[in-house]
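Some notes on the structure that comes next.
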Amino acid sequence: MIRYALRYLNLMVLTLLVLSVVSFALAYWFPGDPLTNLSGIQEATPQTERFLAEKYATEHNLFVQYWHYMQLVFSGDWGVSFSSGLPLYDEITLALPATLELCAYAFLLSLIVGIPLGFIAGLKHYTGTDYTVLSLSVFSYSIPAFWLALILILIFCLQLGWLPLSGRINLLFDVPHQTGFIVIDILLSDIQNKSAALNDAFRHLVLPTISIALINTAITVRLARRSIIDVMSKGYIIAARSRGLTNNQILWKHGVRNTLLPILPLIAAQITTLITNAMVIETIFSWPGIGNWLIQAIYQRDYPAIRAGMLAVSSFVVILTVSIELITRLLDPTRDKNERGTI
Amino acid sequence: MPMLDIKNLTLEIDTPVGWVKALDRINLTLEKGEVRALVGESGSGKSLIVRAIVGSVPDNWRLTADRLSWKGESLLSMNAEQRRKIMRKEIAVVFQNPQASLDPSATLGDQLEESIPAHLLAGKWFWQRNAERKALASKVLHKVGIKDHQDCLQKFPHEVARDVNHKMMIAMALVSEPELLIADDPTRGMEATTKVQLLKLLTRMNQTKELSILFISHDLLAISSMANTMTVLYCGQTVESGKMKQLRKRPLHPYTKALLDSAPSFRKELPVKSDLSALDGTIPTLQHLPIGCRLGPRCPRAQKECVKVPAVRRIHEHYYSCHYPLHRDKL
Ligand SMILES: Nc1ncnc2c1ncn2[C@@H]1O[C@H](COP(=O)(O)OP(=O)(O)OP(=O)(O)O)[C@@H](O)[C@H]1O
Ligand code: SF4
Ligand SMILES: [Mg+2]
């Protein structure tokens, strides 16, 4: 078991190493002076320049430079942004939670809707219900997320005017930043009109969450359906039926767990797709998340921001993927724990 | 009136070449306290009969029967709830593949305890019933010969040896104190000593509790020591059935004879190094069923007449379906 976890950690560390090297190399590959790209400080005085050169060890060879760079990365000094002049670490830790919040709700929504729908379709497979659910899921799967977002905006914001068009919360509410999750921050804060703020935050969340969740819901439906059809024809289900268990007992005691165990890793692996989609959708809804932030950085040729943002996002995704994989394997009693670690 | 009564059971399966009769007018009866052997080559449809009795045939198969009744009540016309109750209390099944019949994600203890029907528990409160379940579970585990039962109950199926799973399946069938036990090849792959133990256990249950057993097996030797009656199946048709003794002494159907002869220990004086006399060829697949008597292509006695399905004939309690049975002289 330990060996197994180590194998995964090994894989993760190696990947992160490569990512950090690439991010360091970006400073050289981007146009302009590498030192400026690393620190983010433009038009520095000779004095600052000397200070920076020492900080990033530019007169030493590349390995030493990389070593210094990594030390700075771990100490949270990621340089400053060209465009705002603020520390990148602060900007990213402000933007990333906003994206994660969106992803978390979209993921939950896709589970809450997708799994039961998939179960219903699978239990009644080859009936009208099944075909309806299946065609709906194929349909949803083929809608590009950004297009759906635009259609939703067109209908619910512009035509009907029910929901806000952009942003995370009305600027009237001044919610102090704590966890970065707006809903939790509102609950933790002591502003006066909490329920109004909460309501407003939810109204802002509805459309982006749906736009992101739709594709994942469609995938979840299909995974759950396929899996439960397989499980319900298994020998142990037939054996359970022959023991005279009721349909409900069979479903809850033997069906659900065996259906979910093999697909949980697959569903969890969708989170990365979800994050990618979220980053696209953010720009449409002007959601102050990391995707939006990165796009702005690219528009403005803000090289330090692109470098740091890319490193932060990719490291996060790698760590998340490996942890999910590890956890789902640890949880599954039926899985052979000696399989090779793969991503 | 027989307890289990099956008459002209036909099961049709939709294959790529059209509907085929995987079971063709099967007849089978079982009295209370009777042990009936059901034998036949691999692929002759023994497990399909079990599935038909249990009621787990897929919706897209066609199941018809003149009679498929349990204690006089038709299993086919009763509703799902009545049938479920019968399966819960009165009939228990040991499926052929014990490994596949256990839920891989539930502990053996959970699965054993859930096989105990409520009517065996007297306790009023759930903790009393839980304790009773635990007691019943360890009792039955002792019976089937699992010693360290406390340890075993905590385990998942993949964590214990195959034969423990195998015994577990038998324990799960016996724990509900059924009236009929359907055992599909329960001794397959068992060690000799374990096999003897199991046969002894079943014989004892049969004698003390009047447990009826439908014993499906390839092991003619094991089966003949405990069965009272035997039904021989070939390619989805019942070819012969009757008292065990009579069938052994004087089989009437060419297939039964071939089957008995192929089990070496059955022949009294086996000439040194003689061929084991089984029939030539192999059992046809469902896609290539011969018309008429399905044994036709392999039968040493086959004649023109055999392209018509032979009717069931009977001499006392002995039934056979053959145009040219062995008691008629060579034609
Ligand atoms: N699910 C299925 N779909 C299609 N054909 C099937 C299915 N199950 C069994 N059959 C066919 O039905 C025939 C009888 O199978 P069955 O499993 O009852 O044989 P059996 O007598 O139990 O053999 P064995 O002694 O090997 O257990 C075989 O030809 C098999 O191919
Ligand atoms: S009916 Fe004909 S083919 Fe069939 S067993 Fe009898 S003799 Fe052989
Ligand atoms: Mg079988």
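If you read the protein sequences in the order shown, they are chains Y and W.
Following the working numbering, the numbering of the first sequence begins with 1 at its first residue and continues without gaps.
Following the working numbering, the numbering of the second sequence begins with 344 at its first residue and continues without gaps.
All C-beta atoms, glycine included, are put in the ideal place defined by N, C-alpha and C.
Item to check | residue 156(Y) vs residue 150(Y) beta-carbon contact at 7 Å | outcome: no
Next on the checklist: By the DSSP assignment, the beta strand (DSSP E) with residue 526(W) in it spans what residues?
Outcome noted: 523–527
Next on the checklist: Between the segment 650–663 of chain W and the segment 624–639 of chain W, can you find at least three pairs of beta-carbon atoms closer than 8 Å?
Outcome noted: yes
Item to check | residue 40(Y) and residue 84(Y) closer than 7 Å at C-beta | outcome: no
Item to check | Residue(s) in a DSSP beta bridge with residue 558(W) | outcome: 380(W), 526(W)
Checklist entry - Cβ of residue 665(W) less than 7 Å from any chain Y Cβ? => result no
Next on the checklist: For residue 255(Y) and residue 529(W), what's the separation of their Cα atoms in angstroms?
Outcome noted: 26 Å
Checklist entry - Fully enclosed by the segment 618–655 of chain W, which beta strand (DSSP E) runs are 3 residues long or longer? => result none
Checklist entry - Taking all protein chains shown into account, do 16 or more other C-beta atoms lie within 10 angstroms of the C-beta of residue 535(W), making it buried, or fewer, making it exposed? => result exposed
Item to check | Outcome for residue 78(Y) when other beta-carbon atoms lying within 10 angstroms are tallied against a minimum of 16 | outcome: buried
Next on the checklist: With a threshold of 7 Å between beta carbons, is residue 244(Y) in contact with chain W?
Outcome noted: yes
Next on the checklist: According to DSSP, simplified to helix, strand and coil, what is residue 268(Y)?
Outcome noted: helix
Item to check | Closer than 9 Å at the beta carbon, the chain W residues around residue 307(Y) | outcome: Those within 9 Å of residue 307(Y) in chain W number zero; the least Cβ separation is about 46 Å.
Checklist entry - Taking three-plus beta-carbon pairs below 8 Å as touching, is the segment 408–427 of chain W in contact with the segment 459–474 of chain W? => result no
Next on the checklist: Quick check: the Cα distance between residue 210(Y) and residue 227(Y), rounded to an integer number of angstroms?
Outcome noted: 25 Å
Next on the checklist: Under DSSP, the alpha helix (DSSP H) around residue 549(W) begins and ends at which residues?
Outcome noted: 535–552
Item to check | Whole-Å CB distance - residue 496(W) paired with residue 455(W), under 8 Å assumed | outcome: 7 Å
Item to check | Start-to-end residues for the alpha helix (DSSP H) that takes in residue 398(W) | outcome: Counting along the chain, residue 398(W) falls outside any alpha helix (DSSP H), and DSSP gives it neither H nor E.
Checklist entry - Are residue 220(Y) and residue 114(Y) close, meaning C-beta to C-beta below 7 Å? => result yes
Checklist entry - Going by other Cβ atoms of all chains shown within 10 Å of its Cβ, with 16 needed for buried, is residue 478(W) buried or exposed? => result exposed
Item to check | Within-7 Å CB hit, residue 427(W) to chain B | outcome: Absent from the structure is chain B; the protein chains it does hold are Y and W.
Checklist entry - What's the gap between the Cα of residue 518(W) and the Cα of residue 458(W)? => result 7 Å
Next on the checklist: Using a 10 Å radius around the Cβ and a threshold of 16 neighbouring Cβ atoms, would you call residue 553(W) buried or exposed?
Outcome noted: exposed
Item to check | Beta-carbon proximity of residue 393(Y) to residue 47(Y), cut-off 7 Å | outcome: Only positions 1 to 343 of chain Y appear in this structure, which leaves residue 393(Y) out of reach.
Item to check | Neighbour list for residue 226(Y) in chain W, Cβ cutoff strictly below 9 Å | outcome: Per Cβ cutoff of 9 Å: no residues; residue 226(Y) is ~17 Å from chain W at best.
Item to check | Members of the segment 236–268 of chain Y that neighbour chain W once the beta carbon cut-off is set at 9 Å | outcome: 236, 237, 238, 239, 240, 241, 242, 243, 244, 245, 246, 247, 249, 253, 254, 257, 258, 261
Checklist entry - Can you tell me whether residue 159(Y) is buried or exposed, with buried defined as 16 or more other CB within 10 angstroms of its CB? => result exposed
Checklist entry - Within this structure, are the beta carbons of residue 572(W) and residue 581(W) separated by less than 7 Å? => result no
Item to check | 7 Å Cβ shell around residue 600(W) - same chain, five flanking residues per side excluded | outcome: 594, 669
Item to check | Check: residue 584(W) C-beta below 6 Å from any heavy atom of ligand 1 | outcome: no
Next on the checklist: Let me check understanding here. Comparing Cα to Cα, which of 288(Y), 289(Y), 309(Y) lies closest to residue 298(Y)?
Outcome noted: 309(Y)
Item to check | Heavy atom of ligand 1 within 6 Å of residue 145(Y) beta-carbon | outcome: no
Checklist entry - residue 263(Y) and residue 223(Y): beta carbons closer than 7 Å? => result yes
Next on the checklist: Between residue 338(Y) and chain W, is the shortest Cβ-Cβ distance under 7 Å, so that the two count as touching?
Outcome noted: Unreliable placement is indicated for residue 338(Y), whose pLDDT of 44 sits below 50; no coordinate value is reported for it.
Item to check | Supposed contact pair residue 215(Y) and residue 105(Y) - C-beta distance, whole angstroms, cut 8 Å | outcome: Between residue 215(Y) and residue 105(Y) the Cβ distance is about 15 Å, and since that is not below 8 Å, they are no contact.
Checklist entry - What are the start and end residues of the alpha helix (DSSP H) that includes residue 435(W)? => result Looking at the DSSP string, residue 435(W) is not in any alpha helix (DSSP H); the run it does join, the beta strand (DSSP E), is 434–437.
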